[in-house]
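S.K.:
Numbering (my numbering), first residue to last: 16 to 289.
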C-alpha cells in the first residue's frame with residue numbers, strides 16, 4: 016500500500032491531537048489531586064506545594080486493599096468463564112455451521128443493541144429472587160450474561176476466518192471436536208482470546224452501576240463501584256476525589272500498557288481477515 020507524504024502528515028497530526036485529548040484529562044486530575052484537600056481545583060496548574068499525602072489518605076479511606084481483593088475475585092469469576100463459554104459458542108457458530116446457527120448469531124447481535132441501563136431493574140429483581148443480593152455473585156453472574164453477546168460475536172469472527180481444511184484434516188486423523196479445539200483452534204485463537212480477556216478485564220474492573228445497585232457493602236464491590244461511596248463521603252473535597260479516581264484507574268492503565276501489543280495484534284489480524 017502506497018501512502019503519500021500528505022496522508023502521513025495528516026495521520027500524525029490526528030494521532031497527536033487524540034493523544035493530547037487523552038492525556039490532558041489525566042494531567043488535570045493529577046494536578047487537582049495534588050492541591051490542598053480543602054481547595055477547589057480550577058484549571059490545570061502545578062501546585063507550589065504538592066500534596067502527595069492526598070493519595071495516602073484516599074488509599075486508606077477507600078479501603079483500597081479490600082477493594083483490590085474484591086475486584087480481583089470478581090474479575091477471576093467473570094473473565095475465565097466468559098472466555099470459555101464464548102470460545103465454545105464462537106467455535107460452534109463459526110466453524111461447525113450448526114443448524115439454526117444464523118438465527119442464534121442474529122440473537123447475539125441483537126443482544127449488543129440492548130442498553131445495559133434498560134435491564135438493570137429486571138436484573139435487580141432476578142438477583143433478589145435468587146437470594147444473591149449483596150454478594151459478589153450478584154455482580155459476577157449478570158456480567159457474564161451481559162458480556163456474552165459481544166464475546167461470542169468476537170470469537171465467532173475469529174473462527175469464521177480459520178480454514179475449514181484444518182478441521183477436516185483433524186477429523187481424518189481421528190481427533191475429536193474437543194481435541195481439535197485444544198490442540199489446533201486454541202493456539203490459533205490466542206491473539207483473539209488475549210485481546211478479549213483484556214477487554215473483559217477492563218470492563219469488569221471499571222464496572223460502576225451494577226455493583227452500586229446490587230451490593231450495599233462498598234468493600235464487596237469493584238474499585239470503580241466503591242468510588243460512589245467515597246464520593247459521598249468526600250463530595251466537598253475534590254482533591255481527594257481526584258486522588259481516589261486515579262488510584263482506581265491505575266491498574267487498568269498498567270494492564271493496557273503491558274498487553275497493548277497483543278490487543279493491537281488481534282485487531283490487525285481481524286482487519287486482514289476482513
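C-beta: ideal position from N, C-alpha, C; glycine also. Fair warning: this is a prediction, and the values are worked out from it, not measured in the lab.
1. Which residue marks the beginning of the alpha helix (DSSP H) containing residue 180, and which one marks its end?
2. Under a Cβ-count criterion, where at least 16 other Cβ atoms within 10 Å of its own Cβ denotes burial, should residue 286 be classed as buried or exposed?
3. Please report the residue range of the alpha helix (DSSP H) in which residue 69 lies.
4. Any idea what DSSP makes of residue 30, helix, strand or coil?
5. Suppose contacts are defined by Cβ-Cβ distances below 8 Å. Is residue 77 in contact with residue 259 by that definition?
6. Could you say which of 95, 254, 263, 276 lies nearest to residue 44 if we only look at CA atoms?
7. Are residue 252 and residue 210 touching if we call contact CB-CB under 8 Å?
8. Where are the alpha helix (DSSP H) runs, 4 residues long or more, that stay fully inside the stretch 98-157, in chain order?
9. Since I believe residue 158 is in contact with residue 263 (beta carbons under 8 Å), could you give me their beta-carbon distance rounded to a whole number of angstroms?
10. Quick one, which of 205, 219, 231, 237 has its alpha-carbon nearest residue 279's?
11. Output the distance between the C-alpha atoms of residue 47 and residue 68, rounded to the nearest integer angstrom.
12. Quick one, are the C-beta atoms of residue 50 and residue 62 less than 8 Å apart?
13. Please classify residue 160 as buried or exposed, where buried requires at least 16 other C-beta atoms within 10 Å of its C-beta.
14. Indicate the three-state DSSP secondary structure (helix, strand or coil) for residue 63 in the structure shown.
15. Between residue 229 and the rest of its own chain, which residues show a CB-CB distance below 7 Å, the 5 nearest in sequence each way excluded?
16. Which value, in whole angstroms, describes the spacing of the CA atoms of residue 288 and residue 37?
17. Can you tell me whether DSSP reads residue 275 as helix, strand or coil?
18. Classify residue 234 as helix, strand or coil using the three-state DSSP reduction.
19. Between which two residues does the alpha helix (DSSP H) carrying residue 194 extend?
20. Please state the DSSP three-state secondary structure of residue 176.
21. Say whether the stretch 103-113 touches the stretch 165-181, bearing in mind that this needs 3 or more beta-carbon pairs closer than 8 Å, one atom from each stretch.
22. Am I right that residue 236 and residue 85 are in contact with their C-beta atoms under 8 Å? What's the rounded C-beta distance?
23. Shorter than 7 Å, the distance from the beta carbon of residue 110 to the closest heavy atom of the ligand ATP, or not?
M.R.: Short version:
1. Where residue 180 is concerned, the enclosing alpha helix (DSSP H) stretches over 179-187.
2. Residue placement at residue 286 cannot be trusted, given a pLDDT of 44 that sits under 50; the coordinates are not used to answer.
3. Start and end: 68-76.
4. Three-state DSSP puts residue 30 in a helix.
5. In contact: residue 77 and residue 259 (Cβ atoms closer than 8 Å).
6. Among 95, 254, 263, 276, the Cα nearest to that of residue 44 belongs to 254.
7. Result no, Cβ atoms of residue 252 and residue 210 do not sit closer than 8 Å.
8. Fully enclosed alpha helix (DSSP H) runs of no fewer than 4 residues occupy 116-126, 135-144 of the stretch 98-157, in order along the chain.
9. That pair is no contact at about 17 Å.
10. Here the closest residue by C-alpha is 205.
11. The C-alpha of residue 68 is placed about 13 Å away from the C-alpha of residue 47.
12. Going by C-beta atoms, residue 50 is nearer than 8 Å to residue 62.
13. If you draw a 10 Å sphere on the C-beta of residue 160, you find fewer than 16 other C-beta atoms in it, and that means exposed.
14. Residue 63 sits in coil when the DSSP states are folded into three classes, being neither helix nor strand.
15. These residues qualify, in order along the chain: 139, 142, 148, 153, 154.
16. In this predicted model, residue 288 has a pLDDT of only 48, less than 50, meaning its place in the structure is not dependable enough to derive any value.
17. Correct three-state label for residue 275: helix.
18. In the three-state scheme derived from DSSP, where H, G and I count as helix and E and B as strand, residue 234 is classed as helix.
19. First-last of the alpha helix (DSSP H) with residue 194: 192-195.
20. DSSP places residue 176 in coil when its eight states are reduced to three.
21. As far as the Cβ criterion goes, the stretch 103-113 touches the stretch 165-181, which means the pair count is three or higher.
22. Sure, about 6 Å apart at Cβ, within 8 Å.
23. As presented, the structure is devoid of all ligands, the ligand ATP included, so that no description of it is given.
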